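Here the numbering used here runs 872 ahead of the position in the sequence shown, where the first position is 1.
Ideal Cβ positions, reconstructed from N, Cα and C, are used throughout, including at glycine.
These numbers come from a predicted model, not from an experiment.
One structure is given here, and the rest of the page talks about it.
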Amino acid sequence: MFEFSTVRPGLDLGRTGWLWVCQPRVERFVRATGDPAARNLPLGLVIPLLGELLGGARMWVNYGLNRVRFPGPLPADAFVRLHASVMEVVTKDGAVQVTLDLTVEVQHQAEPACVAEAVFRYYP
């Protein structure tokens, strides 16, 4: 669980539990986004998975992405989890702006499905 009193660059926020990416989830993503190959699905899983690691804030806002890569595939019926660590912490406009290093790991696969630098603003 994310605790504001201990936030600092280099802090490992840990890993989420495994999430099953079943075929119906892939199909819903394709229908919702028009991405026929579901290439962006790993990035789409970041927000729901991140909720497992973050808490204790009145509100947090996805402020943007600095970098996103998709080094490995995410096959249907795979299990994924999110690993997150803090890269940067600054105070801006009454919020704590945190840049996170995010990795969407795929069970039994060497390469992650997604790596990203994501910026969030937290309002304690």
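Taking Val952 as the centre and dropping the five residues before and after it, the same chain places the C-beta of Trp890, Leu891, Val893, Pro914, Leu917, Leu921, Leu946, Val976, Glu977, Val978, Gln979 and Ala985 closer than 8 angstroms to its C-beta, in chain order.
For Leu913, the enclosing alpha helix (DSSP H) covers residues Leu913 to Gly916. Listed as beta-bridge partners of Asp884 by DSSP are Ser957. Put simply, the backbone Cα of Val898 is about 26 angstroms away from that of Val991. Between Glu924 and Thr971, the C-beta spacing is not below 7 angstroms. Ranked by Cα distance from Arg993, the options Gln981, Val958 and Glu983 are led by Val958. A distance below 8 angstroms between beta-carbons, with the five flanking residues on each side excluded, links Lys964 to the following residues of its chain, in chain order: Arg993.
Within the DSSP secondary-structure output, Asp973 pairs in a beta bridge with Ser957 and Glu989. A straight line joining the alpha-carbon of Asp884 with that of Gln981 spans about 22 angstroms. Here Met931 has Tyr995 as same chain residues with Cβ atoms under 6 angstroms from its own Cβ, once five neighbours each way along the sequence are excluded.
Rounded to whole angstroms, the Cβ separation of Ala988 and Arg939 is 6 angstroms, and the two are in contact under 8 angstroms.
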